[in-house]
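Quick notes on the structure that follows.
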Amino acid sequence: MVYYQTMKEISTSLITKTVSLLVQKSNFELGNDILKLIIKARHEEESPLGRQVLDKIVENAEMAKSAKIPLCQDCGTTVVFLDIGQDVHVIDGDINWAVDEGVRQGYQEGFLRKSMVSHPFSTRINTNDNSPAIIHTNIVPGNNLTISVMPKGGGAENMSRLVMLAPESGAKAIMDAVLNCVREAGGKACPPLIIGLGIGATAEKSMQNAKRSLLREAGTPNVDSEIACLEQEILMSVNRLGIGPLGMGGTTTALAVHADVHPCHIACLPLAINLQCHSARHATAVL
Numbered sequence: 001m002v003y004y005q006t007m008k009e010i011s012t013s014l015i016t017k018t019v020s021l022l023v024q025k026s027n028f029e030l031g032n033d034i035l036k037l038i039i040k041a042r043h044e045e046e047s048p049l050g051r052q053v054l055d056k057i058v059e060n061a062e063m064a065k066s067a068k069i070p071l072c073q074d075c076g077t078t079v080v081f082l083d084i085g086q087d088v089h090v091i092d093g094d095i096n097w098a099v100d101e102g103v104r105q106g107y108q109e110g111f112l113r114k115s116m117v118s119h120p121f122s123t124r125i126n127t128n129d130n131s132p133a134i135i136h137t138n139i140v141p142g143n144n145l146t147i148s149v150m151p152k153g154g155g156a157e158n159m160s161r162l163v164m165l166a167p168e169s170g171a172k173a174i175m176d177a178v179l180n181c182v183r184e185a186g187g188k189a190c191p192p193l194i195i196g197l198g199i200g201a202t203a204e205k206s207m208q209n210a211k212r213s214l215l216r217e218a219g220t221p222n223v224d225s226e227i228a229c230l231e232q233e234i235l236m237s238v239n240r241l242g243i244g245p246l247g248m249g250g251t252t253t254a255l256a257v258h259a260d261v262h263p264c265h266i267a268c269l270p271l272a273i274n275l276q277c278h279s280a281r282h283a284t285a286v287l
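In terms of our numbering, the sequence shown opens at residue 1 and continues consecutively.
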C-alpha cells in the first residue's frame with residue numbers, strides 16, 4: 001500500500017498564539033478528570049480534616065476557573081510536549097522560538113508568576129517572562145501538530161527521583177522505591193498526587209516517559225493488564241501510608257498512578273518517579 005498524506009503548513013505565529021492560550025487555560029482550569037477523582041476521594045476519605053482539605057481544593061478550582069486566576073501561586077516551569085506530524089512543515093521562523101514566545105505572552109497576559117532563573121547555580125537571575133520552556137519533541141505519523149502544555153510546580157518536581165535498579169529486582173523493588181519516594185516527600189509535593197512512572201528504556205528516556213505519563217487522562221489504567229495491575233497495587237500501597245491531603249493525614253495520598261513501560265538493556269532497570277501535585281495542570285491543542 002502506498003501512503004499519501006497532504007503536507008500541512010503551520011505558521012510559527014499560530015504556534016505562539018496556541019501556546020499562550022494553553023499556558024493560561026492550564027493555569028486557570030483544573031481538568032475534569034482530576035476534579036472527578038478529587039470529588040470521589042472526598043467521599044471516600046476517612047479523615048475529617050482530609051475531607052475539609054479536599055473540599056477546599058475543589059472550591060479553589062471553581063474560583064480559579066470563574067475568576068481566571070491561577071490555581072496555585074506557583075505557576076510552574078512550562079513543560080511543552082510537541083508531537084509533530086512527519087507531514088507538517090513549520091513556516092515563518094523557528095518552532096522553539098515560537099513556543100518560548102507563546103510562554104512569554106501567556107504568562108504576561110495571564111498575570112502568572114514568573115519563576116524561571118538563569119545562571120541556576122550562581123546569580124539565579126529571574127528571566128522575568130518564565131521562558132525558556134522545557135520542550136520535548138516527538139515525530140509522529142500524520143500532518144497534525146499536537147501541543148501539550150504542563151506547568152510543573154517546583155515543590156512536586158523537587159521530589160522527582162531516578163533509581164537505577166538491579167535488572168532482576170522486579171515489581172517489588174519498583175513498589176518499594178515509589179513508596180520510599182512518596183514517604184520522603186510527605187506533604188512537600190502537595191498531595192493528593194498523580195504519580196508518573198517511567199520504567200525501562202534508559203535513564204534520560206525513563207524520566208521523560210514518567211513526565212509524559214502525567215498527560216494521560218487521570219486514573220485511566222494502562223492498556224497492558226500487567227502494568228495496570230502494578231499501577232493499582234502501588235496506588236493502594238501509597239494510600240496506606242497515611243500522609244493524606246496536603247500531608248494532613250488521611251487515606252488519600254494519591255489519586256492515580258500512571259506507568260509508562262519501555263524495553264531496556266539486559267543489564268538495566270531504570271525507574272523514574274515524577275510526582276505531580278493535586279493541581280495537575282495541563283492542556284492540549286491539535287493544529
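The beta-carbon is built from N, C-alpha and C at its ideal position, and this holds for glycine as well.
Since the structure is predicted, the reported quantities are computational estimates derived from the model, not experimental observations.
In the three-state reduction of the DSSP assignment, M7 falls in the coil class. If you draw a straight line from the Cα of K25 to the Cα of S115, it comes to about 18 Å. Between A210 and E231 a beta carbon distance of about 13 Å is seen, past the 8 Å cut, so the two are scored as non-contacting.
Beyond the five residues adjoining it in sequence on each side, G76 comes within less than 6 Å, by CB distance, of P151, K152, G153 in the same chain, given in chain order.
For S206, there is no enclosing beta strand (DSSP E); the residue is found in the alpha helix (DSSP H) stretching over 203-212. In this structure H265 is not in contact with V149, their Cβ atoms being roughly 33 Å apart against a cut-off of 8 Å.
Scanning its chain for C-beta atoms nearer than 8 Å, with the 5 sequence neighbours on each side dropped, one finds around E44 the residues T251, T252, in chain order. When the beta-carbon positions are compared, P192 and H278 come within less than 9 Å of each other.
M116: not part of any beta strand (DSSP E); DSSP gives it neither H nor E. P270 is bridged by DSSP to M164.
The DSSP-derived three-state label of D260 is strand. Remark: C-beta atoms of L21 and G106 approach each other more closely than 9 Å.
The beta carbon of A177 sits closer than 8 Å to the beta carbons of R161, V163, L165, L271, I273 from its chain, once the five residues preceding and following it are set aside; these are given in chain order. For K65, the enclosing alpha helix (DSSP H) starts and ends at 48-67. With respect to the C-alpha of G170, the residue from I91, G200, D87 having the closest C-alpha is G200. Minimum Cα-Cα distance from I139 among the listed residues H89, V103, G187 corresponds to H89. The DSSP-derived three-state label of D92 is coil.
Taking all protein chains in view, the Cβ of E46 is surrounded by fewer than 16 other Cβ atoms within 10 Å, so the residue is classified as exposed. For the pair G244 and L49, the CB atoms are nearer than the 9 Å cut-off. The C-alpha of N180 lies about 12 Å from the C-alpha of L275. Around the beta-carbon of G198, 16 or more other beta-carbon atoms lie within 10 Å, marking it buried. M7 sits exposed, since fewer than 16 C-beta atoms from the chains shown fall within 10 Å of its C-beta.
Across the structure, L112 and P70 are spaced so that their CA atoms are roughly 7 Å apart. Ranked by how close their Cα comes to the Cα of V19, the residues I34, E226, V79 have V79 in first place.
The alpha-carbon separation between N27 and S66 amounts to approximately 12 Å.
Runs of beta strand (DSSP E) with 3 or more residues, each lying fully within the region 113-160, are found at 134-140, 145-152, listed in chain order. Exclusion of the five residues before and after Q108 leaves D129 as the residues of its chain whose Cβ lies within less than 7 Å of its Cβ. Relative to V286, the option among N144, V182, C190, R212 whose CA is nearest is N144. Between A218 and K36, the gap from beta carbon to beta carbon is short of 9 Å.
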